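Structure, as structure tokens:
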């Protein structure tokens, strides 16, 4: 498959991707061996570009760190008309219906996409547009926050490609969409 | 620990324990080798009794099968005053506040309990009363239905005891509550 929409995300056992204060501190509670990136580097190497929602973009901008991406980043927003000077050249704003947005990104020869952000992932899933999910589960129940998954019109089956355990505590499941999704 | 409240349950990737029609057909979509019970038998052997909510009890009664439990079964219901003739002697109705219900069950020397049913599990978790969870994840997004987890007042950390893969497709994670749950 030359086109692929992939998810690479961490959740709590109860399926939250940020806590009730939109915080991410729980992601760092388990000390990870230096150099252990839980497959993130290898994953980033095989995508052509990222597509994220506006909220995720703004969240990343709020972190006190350098811009973390080497690959092109598309930000899907129907409200933003431009990004601040600091992000010009780093991100490309796109808007509109998902399939049209994808066609535009594919026309730039960015075919393998890292889809990021809870709302955007939910929109993609609702249209059966996610081909692959790598879900890293932290051993915590957050009890509230932003959910990774939402309502979908139909069930979708996946095939487990691999399940690994990092640092004895963190389970990472790699799923690909099954051909016989019903 | 001589007292233990345990969960042993199957969910979808998106955390549902029954589909939007309260159906469980998705649990049987993956053919399981005969004799493979994914640890259920060993788990049942080490509990003293089950405690389930009324809805779960009624669901089990609706199945066209013999009563599936050899261990004593307590059904927590604040509305049921008696069970039909077929279930007399098989189930014990209990009612009231969780800690009082537990004290009553413990007084019968039933200390290791299998807590079953989404709503009851949520009530137990909200009071930080679940010691252990064995969660079996089917590789499907149901997109709607009855959720395993709900709102909790505080986050709770668990320790991953074991993660196993059954039939190459089904991931089973065994968690114990961490001492340092915050």
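Residue numbers (my numbering), protein chains in the order written: chain A, 455 to 636; chain B, 455 to 636. Glycine included, each C-beta is placed from N, C-alpha and C at the ideal position. If you're wondering where the values come from, they're calculated on a predicted model, not measured in any experiment.
Residue i and residue j closer than 7 Å at C-beta
i                      : j                      : result
residue 591 of chain B : residue 625 of chain B : yes
residue 537 of chain B : residue 504 of chain B : no
residue 510 of chain A : residue 585 of chain A : no
residue 399 of chain A : residue 566 of chain A : This structure cannot settle anything about residue 399 of chain A, because the visible part of chain A is limited to 455 through 636.
residue 572 of chain A : residue 471 of chain A : yes
residue 583 of chain B : residue 507 of chain B : no
residue 576 of chain A : residue 614 of chain B : no
residue 556 of chain B : residue 547 of chain B : no
residue 484 of chain B : residue 621 of chain B : yes
residue 489 of chain B : residue 469 of chain A : no
Residue i Cβ short of 6 Å to the ligand GTP heavy atom set
i                      : result
residue 626 of chain B : Looking at this structure, you won't find the ligand GTP or any other ligand, since it has none at all.
Any chain D beta carbon closer than 7 Å to residue i
i                      : result
residue 585 of chain A : Given the protein chain composition of this structure (A and B), no chain D is represented.
Contacts of residue i in chain B (Cβ-Cβ under 9 Å)
i                      : result
residue 593 of chain A : 611, 612, 613, 614, 627, 629 and 632
residue 571 of chain A : Here the premise fails: no neighbours, minimum Cβ distance about 17 Å.
residue 607 of chain A : 597 and 598
Cβ-Cβ separation, residue j to residue i (assumed contact under 8 Å), whole Å
i                      : j                      : result
residue 520 of chain B : residue 596 of chain B : Actually they do not touch by this definition, with Cβ atoms about 28 Å apart.
residue 462 of chain B : residue 467 of chain A : The pair is not a contact, with the Cβ atoms about 15 Å apart (cut-off 8 Å).
Length of the line joining the Cα atoms of residue i and residue j
i                      : j                      : result
residue 564 of chain B : residue 500 of chain B : 11 Å
residue 631 of chain A : residue 551 of chain B : 44 Å
residue 554 of chain A : residue 532 of chain B : 54 Å
residue 635 of chain A : residue 549 of chain B : Note that residue 635 of chain A scores 47 on pLDDT, short of 50, meaning its location in the model is unreliable; the coordinates nonetheless yield the value given after this. Cα-Cα distance, rounded: 43 Å.
residue 545 of chain A : residue 529 of chain A : 7 Å
residue 464 of chain A : residue 512 of chain B : 36 Å
residue 580 of chain B : residue 599 of chain B : 20 Å
residue 487 of chain A : residue 593 of chain A : 17 Å
residue 460 of chain A : residue 516 of chain A : 24 Å
residue 629 of chain B : residue 589 of chain B : 8 Å
residue 568 of chain B : residue 561 of chain B : 16 Å
residue 413 of chain B : residue 616 of chain B : One cannot answer for residue 413 of chain B here, as it falls past the ends of chain B, which runs 455 to 636.
residue 609 of chain B : residue 475 of chain A : 12 Å
residue 627 of chain B : residue 540 of chain A : 43 Å
residue 478 of chain A : residue 479 of chain B : 36 Å
Per-residue contacts from residue i into chain B (C-beta, under 7 Å)
i                      : result
residue 642 of chain A : With chain A represented from 455 up to 636, any question about residue 642 of chain A goes unanswered, as that position is not in the structure.
residue 576 of chain A : The premise fails here: residue 576 of chain A is roughly 10 Å from chain B at the closest Cβ pair, so nothing lies under 7 Å.
Per-residue contacts from residue i into chain B (C-beta, under 8 Å)
i                      : result
residue 476 of chain A : Within chain B, no residue comes near residue 476 of chain A; the closest Cβ sits about 14 Å away, beyond 8 Å.
residue 588 of chain A : Going along chain B, no residue has its Cβ under 8 Å from residue 588 of chain A, so there is no contact; the nearest lies around 12 Å.
Within chain A, partners of residue i - CB distance below 8 Å
i                      : result
residue 619 of chain B : 614 and 617
Amino acids of chain A, ordered along the chain, whose beta-carbon sits closer than 7 Å to that of residue i
i                      : result
residue 471 of chain B : In chain order: nothing, as chain A lies at least about 12 Å away.
residue 462 of chain B : Result: empty, since nearest Cβ-Cβ is about 15 Å, beyond 7 Å.
Contact set between residue i and chain A, taken where Cβ atoms lie within less than 9 Å
i                      : result
residue 480 of chain B : 609 and 611
- Task: Could you tell me whether the stretch 486 to 495 of chain B touches the stretch 602 to 615 of chain B, using the rule of 3 or more Cβ pairs below 8 Å?
- Result: The stretch 486 to 495 of chain B is not in contact with the stretch 602 to 615 of chain B.
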